[in-house]
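Have a look at the structure below, then the notes.
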Amino acid sequence: MADLSEKETRKELIDPILERTGWKVKGHYVKEEINPVKSNFSTKEYVGLDAVISMPSGIFKPYAGVSTAVLYFTKGEPTEKVWFYNMEADGFSLDDKRTEQPDRNDIPDILERFEKRNKEDNENRFEKHFFVPLEEIKEKDWDLSINRYKKEREKKTNYRESKIIIEEAKKEVKELLKGFDELEKLI
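In this text, residue positions in the sequence shown follow our numbering: the first is 35, and each later residue adds one.
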C-alpha cells in the first residue's frame, strides 16, 4: 500500500469494497495495523470513531500483504465506546491468486452485526466482535490494534498421567536392556 497514492488507494482498494458491500460510508480511513493509529487524529476525541474492522493480512493482495484496519467515523458525535470486529475472510483466498471462497466471507456478518451492534451483547472479548470503552483506548495510547483488546481462550491440553508415562518408559528401557543382552551374547 505504501507504493500507492491516497487517490490510487481509494480507487484500487476502498471503492471496490464499498461497491461490493453497498456500504454508505460517512467517513473511513484505512491504516496498516503494524503502525497503530495513535496521535494521527488531532480531533480524535471530537470525531466519533464508531468501529474498527480488523482485516487479515493478504486481503489487499497483490497490492499489499499487510494487516489492515478500516476505521468508521461519524462526524460530530463524541466517542464513548468503539466496536471492534475481527474479520478473517472476505470470500476470497488470502494468497496472491485471490480465488473465490464464498463459504469464507465475513462481510455479510460484519454488515449485520454493525447495524445491530448497540442492541447485541458486545462485551465478550472472546468473540469476533466487541466494544472497548474510549477510556481504555486512551490508556493504551490510542492503539487500535484488535489484538490489544481481544482475548484468546486458553486451549486445554490433555496430558497423560505421569505414572502411565513412567511405566511405559520403564517397559521400553527393559526391552532395550534385553536387546543389549542378546547383542552381547552374539559378540
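Positions of the beta carbon are idealized from the N, C-alpha and C atoms, including for glycine.
Residue i to residue j, Cα distance in whole Å?
i, j, result
"residue 126", "residue 116", "27 Å"
"residue 75", "residue 174", "Summary for residue 75: the model assigns pLDDT 48, below 50, so the residue's position carries little reliability; its value from the coordinates is reported in the next sentence. Their Cα atoms are separated by approximately 15 Å."
"residue 171", "residue 165", "11 Å"
"residue 105", "residue 168", "14 Å"
"residue 130", "residue 136", "17 Å"
"residue 218", "residue 192", "41 Å"
"residue 202", "residue 213", "17 Å"
"residue 194", "residue 204", "16 Å"
"residue 88", "residue 100", "11 Å"
"residue 94", "residue 134", "14 Å"
"residue 155", "residue 107", "21 Å"
Assuming contact is defined by CB atoms lying nearer than 8 Å, are residue i and residue j in contact in what I supplied?
i, j, result
"residue 119", "residue 147", "yes"
"residue 123", "residue 178", "no"
"residue 183", "residue 159", "yes"
"residue 121", "residue 96", "no"
"residue 86", "residue 180", "yes"
Measure from the alpha carbon of residue i to the alpha carbon of each residue in the options, then state which is nearest.
i, options, result
"residue 83", "220, 93, 187 and 113", "113"
"residue 141", "100, 154 and 162", "162"
"residue 157", "132, 214, 108 and 185", "185"
Quickly, what does DSSP pair residue i with across the bridge? List them, please.
i, result
"residue 30", "For the chain, the structure presents residues 35 to 221; residue 30 sits outside this window and is missing."
"residue 88", "103 and 120"
Which residue spans inside the stretch 95–174 form an unbroken alpha helix (DSSP H) run of at least 4?
141–150 and 168–173
Beta strand (DSSP E) runs contained entirely in the stretch 171–200, provided each spans 3 or more residues
Runs of the beta strand (DSSP E) inside the stretch 171–200: none found.
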